[in-house]
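Chemist: After the structure tokens below, expect a handful of questions from me.
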Amino acid sequence: MINLTEAKQKELINLAYDMRKNSYCPYSGFAVGAALLAEDGRIYTGCNMENASFGAGICAERSAFAKANADGNRRFTAIAVAGGKAGLPADNPCVPCGICLQVMQEFCDGDFIILLSDRKQENIIRKYLRELLPFGFGKAFLLKND
Numbered sequence: 211m212i213n214l215t216e217a218k219q220k221e222l223i224n225l226a227y228d229m230r231k232n233s234y235c236p237y238s239g240f241a242v243g244a245a246l247l248a249e250d251g252r253i254y255t256g257c258n259m260e261n262a263s264f265g266a267g268i269c270a271e272r273s274a275f276a277k278a279n280a281d282g283n284r285r286f287t288a289i290a291v292a293g294g295k296a297g298l299p300a301d302n303p304c305v306p307c308g309i310c311l312q313v314m315q316e317f318c319d320g321d322f323i324i325l326l327s328d329r330k331q332e333n334i335i336r337k338y339l340r341e342l343l344p345f346g347f348g349k350a351f352l353l354k355n356d
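What follows is the structure, encoded as structure tokens:
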């Protein structure tokens with residue numbers, strides 16, 4: 211497991227903000243980027259991609275997890291999430307949606323770190339998955355043999 215240093219934390223947040231420019235968000239106008247740190251040190255980035263059939267869109271966080279999964283990586287330490295109106299600086303932290311938290315629950319334990327920050331990194335919020343999804347439904351519920 212990688213120690214999440216202040217420098218690595220800033221790198222993840224900067225990458226998440228940089229990924230916002232690749233967002234495809236013609237309907238909501240809300241651009242989100244994510245940077246996912248794997249236990250082996252690799253970083254996977256993602257951005258949101260909307261669709262006219264709204265359910266077919268994908269969030270930035272799930273995009274990063276899908277990229278990591280396609281690369282065979284399923285062990286993670288942290289994710290940084292950055293979002294706000296497209297074309298504008300994101301002045302407020304952006305929290306992952308419930309579906310993204312559920313995907314995190316699938317691959318990560320409760321100590322998985324979620325970084326939320328304003329663009330200037332003056333207000334960095336560091337949360338654990340267990341704090342944002344305290345009663346998460348996971349594979350343990352499906353694998354029980356009662």
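Going by the working numbering, the residue at position 25 of the sequence shown is 235; the numbering climbs one at a time, nothing skipped. Built from N, CA and C at the ideal position, the CB exists for glycine as well. The structure displayed is predicted, hence computed values, not measured ones.
1) Would you call the CB atoms of Ala-226 and Ala-292 closer than 8 Å?
2) Does the region 274–288 come into contact with the region 231–241, if we say contact requires no fewer than three beta-carbon pairs (one atom in each stretch) closer than 8 Å?
3) Please identify the residue among Asn-333, Gly-294, Ala-262 whose C-alpha is closest to the C-alpha of Asp-228.
4) What whole-angstrom Cβ distance do Asp-328 and Pro-303 have, given they're in contact under 8 Å?
5) What span of residues does the beta strand (DSSP E) with Cys-257 cover, start to end?
6) What is the C-beta distance between Arg-285 and Ala-248, in whole angstroms, given that I count them as a contact (C-beta under 8 Å)?
7) Is the Cβ-Cβ distance between Gln-219 and Leu-339 less than 8 Å?
8) Hey, Ala-274 and Ala-245: beta-carbon distance below 8 Å or not?
9) Given that a residue counts as buried once 16 or more other Cβ atoms are within 10 Å of its Cβ, and exposed if not, what is Phe-322?
10) Look up Val-305 in the DSSP assignment and give the residues it is bridged to.
11) Around the C-beta of Arg-252, are 16 or more other C-beta atoms found within 10 angstroms, so that it is buried, or is it exposed?
Modeler: With the given structure in hand:
1) Taking the sequence shown and counting its residues from 1, one reaches residue 226 at position 16. Taking the sequence shown and counting its residues from 1, one reaches residue 292 at position 82. Yes, these two residues count as a Cβ contact at 8 Å.
2) no
3) Counting from one through the sequence shown, the residue named residue 228 turns up at place 18. Asp-228 has its Cα closest to that of Gly-294, out of Asn-333, Gly-294, Ala-262.
4) Taking the sequence shown and counting its residues from 1, one reaches residue 328 at position 118. Taking the sequence shown and counting its residues from 1, one reaches residue 303 at position 93. That belief holds up - the Cβ atoms of Asp-328 and Pro-303 are roughly 6 Å apart, short of 8 Å.
5) For this step, residue 257 is matched to residue 47 along the sequence shown. 253–257 is the span of the beta strand (DSSP E), which, as asked, contains Cys-257.
6) The sequence position of residue 285 within the sequence shown is 75, counting from 1. The sequence position of residue 248 within the sequence shown is 38, counting from 1. Contact holds; Cβ gap of about 6 Å.
7) Walking along the sequence shown from the start, residue 219 turns up at place 9. Walking along the sequence shown from the start, residue 339 turns up at place 129. No.
8) Within the sequence shown, numbered from 1, the residue matching residue 274 stands at position 64. Within the sequence shown, numbered from 1, the residue matching residue 245 stands at position 35. Yes, these two residues count as a Cβ contact at 8 Å.
9) Within the sequence shown, numbered from 1, the residue matching residue 322 stands at position 112. With 16 or more other Cβ atoms within 10 Å, it is buried.
10) For the purposes of this step, residue 305 is identified with residue 95 of the sequence shown, where counting begins at 1. Paired residues: none, contrary to the question.
11) Translated into the one-based positions of the sequence shown, residue 252 becomes position 42. Counting Cβ neighbours within 10 Å, Arg-252 comes out exposed, since fewer than 16 surround it.
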